[in-house]
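In my numbering, the protein residues as written are 379 to 639.
Note that the Cβ used here is the ideal one computed from N, Cα and C, for glycine as well.
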Amino acid sequence: MDTPDNRDIQRRSARLIRLLAKRIVFPGLNLHARQRYRILSRNISQGDGERWVLDAGCGNGMLSYAAWRKGNRVIGITIKEREVRGCREYYNGFLGIPETELSFHFLDMMEVRCLERNFNEIICCEVLEHIPDDAGALRALHEVLLPGGTLHITSPNADHPDNRNADLDPDAGGGHVRPGYSVESLTTLLAECGFRVVFSQGLGGKWRQSCNRRIIARLTQRRYLAAVLWFAAGLVLSGMDGREPSVPYVIYLRAVCNSDV
379 MDTPDNRDIQ RRSARLIRLL AKRIVFPGLN LHARQRYRIL SRNISQGDGE RWVLDAGCGN
439 GMLSYAAWRK GNRVIGITIK EREVRGCREY YNGFLGIPET ELSFHFLDMM EVRCLERNFN
499 EIICCEVLEH IPDDAGALRA LHEVLLPGGT LHITSPNADH PDNRNADLDP DAGGGHVRPG
559 YSVESLTTLL AECGFRVVFS QGLGGKWRQS CNRRIIARLT QRRYLAAVLW FAAGLVLSGM
619 DGREPSVPYV IYLRAVCNSD V
């Protein structure tokens with residue numbers, strides 16, 4: 379019988395199944411995101427319960443969670459309300475992490491000073507390519523990063539053909555306003571905004587990108603079984619890319635905040 383109580387039970391059951399599924403495949407089927415999660419988890423500093431980390435453009439919250447797992451107190455910000463709701467539901471609700479330790483907020487990166495807090499470390503992954511005023515965004519982050527603090531930043535590699543030839547969104551409606559950056563161009567931009575790059579690495583070779591492109595296409599088509607099959611294939615084939623792909627899909631830079639800017 380279709381009663382309000384039965385509908386409520388069905389909604390609760392569907393929600394639980396969805397959250398359990400997210401837990402099983404965490405941090406998701408995107409092979410590039412999984413690699414970023416693995417690499418940055420190693421490079422985020424170990425906290426003592428008092429260090430603060432900002433995840434600027436937190437997305438699904440996977441890197442906020444990675445920083446929290448290492449003993450940091452973390453704030454994730456995004457301009458998408460749906461992401462805030464999803465992160466709060468999963469990390470604070472389903473996993474039970476206190477908001478005093480890991481919290482998510484609807485906030486533009488340009489307004490990060492509104493948090494009235496300085497940070498020991500900032501994560502900014504796959505974000506700058508969406509922002510017309512990328513220098514302004516970096517300067518806003520510089521203002522809240524403690525001198526000597528670390529900025530972790532990833533971006534599409536502008537030299538990769540898939541990025542170079544991708545359609546852009548000049549109106550900044552949520553897509554990429556530029557194809558990304560080269561290591562050299564991002565290093566220069568960071569220096570102009572008060573950061574000194576201390577490490578760079580290319581992520582995502584041809585096998586990872588080839589499989590990931592097919593995963594995204596199947597997910598868009600809601601062909602979930604096909605997406606899972608390509609995901610399984612990608613886990614195997616991406617091992618053939620090696621540690622330093624000749625033309626990486628993504629670049630990862632680690633930079634230190636200079637105090638004299």
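Measuring CB to CB, does residue i end up less than 8 Å from residue j?
| i | j | result |
| --- | --- | --- |
| residue 537 | residue 560 | yes |
| residue 630 | residue 564 | no |
| residue 449 | residue 465 | no |
| residue 543 | residue 524 | no |
| residue 547 | residue 585 | no |
| residue 432 | residue 522 | yes |
With a threshold of 6 Å on Cβ separation, who are the neighbours of residue i within its own chain once the five nearest residues in sequence on each side are excluded?
| i | result |
| --- | --- |
| residue 451 | 430, 479 |
| residue 556 | 507 |
| residue 552 | none |
| residue 413 | 581 |
Whole angstroms is fine: what's the gap from residue i's alpha carbon to residue j's?
| i | j | result |
| --- | --- | --- |
| residue 595 | residue 408 | 11 Å |
| residue 534 | residue 627 | 6 Å |
| residue 426 | residue 576 | 24 Å |
| residue 410 | residue 623 | 13 Å |
| residue 434 | residue 504 | 10 Å |
| residue 532 | residue 632 | 9 Å |
| residue 502 | residue 381 | 46 Å |
| residue 463 | residue 550 | 23 Å |
| residue 460 | residue 615 | 33 Å |
| residue 403 | residue 545 | 29 Å |
| residue 467 | residue 599 | 26 Å |
| residue 664 | residue 473 | Past the boundaries of the shown model lies residue 664; the chain is included only from 379 to 639, so the question cannot be answered. |
| residue 457 | residue 625 | 31 Å |
| residue 558 | residue 401 | 31 Å |
| residue 583 | residue 385 | 46 Å |
| residue 579 | residue 566 | 16 Å |
If I measure Cβ to Cβ from residue i and keep anything under 7 Å in the same chain, skipping five residues before and after, which residues do I get?
| i | result |
| --- | --- |
| residue 571 | 513, 516, 517, 520 |
| residue 475 | 446, 469 |
| residue 588 | none |
Got a sec? Which residues, its chain only, sit under 8 Å from residue i by beta carbon, not counting five neighbours each side?
| i | result |
| --- | --- |
| residue 511 | 488 |
| residue 569 | 575 |
| residue 526 | 634, 635, 637 |
| residue 593 | 407, 408, 409, 605, 608, 609, 612 |
| residue 528 | 423, 498, 499, 500, 632, 633, 634, 635 |
| residue 591 | 540 |
Can you name the residues that DSSP bridges to residue i?
| i | result |
| --- | --- |
| residue 511 | DSSP output for residue 511 lists no bridge partner at all. |
| residue 577 | 632 |
| residue 484 | 456 |
| residue 561 | Note: residue 561 sits in no beta bridge, so no partner. |
| residue 503 | 532 |
| residue 434 | 455 |
Okay, do the segment 602 to 620 and the segment 484 to 498 touch, 3+ Cβ pairs below 8 Å being the bar? no
Closer than 8 Å is the cut-off here; do at least three beta carbon pairs connect the segment 389 to 396 with the segment 407 to 422? no
Three-pair Cβ contact test at 8 Å for the segment 465 to 482 versus the segment 436 to 449: With a cut-off of 8 Å, the segment 436 to 449 and the segment 465 to 482 count as touching, because enough Cβ pairs lie within range.
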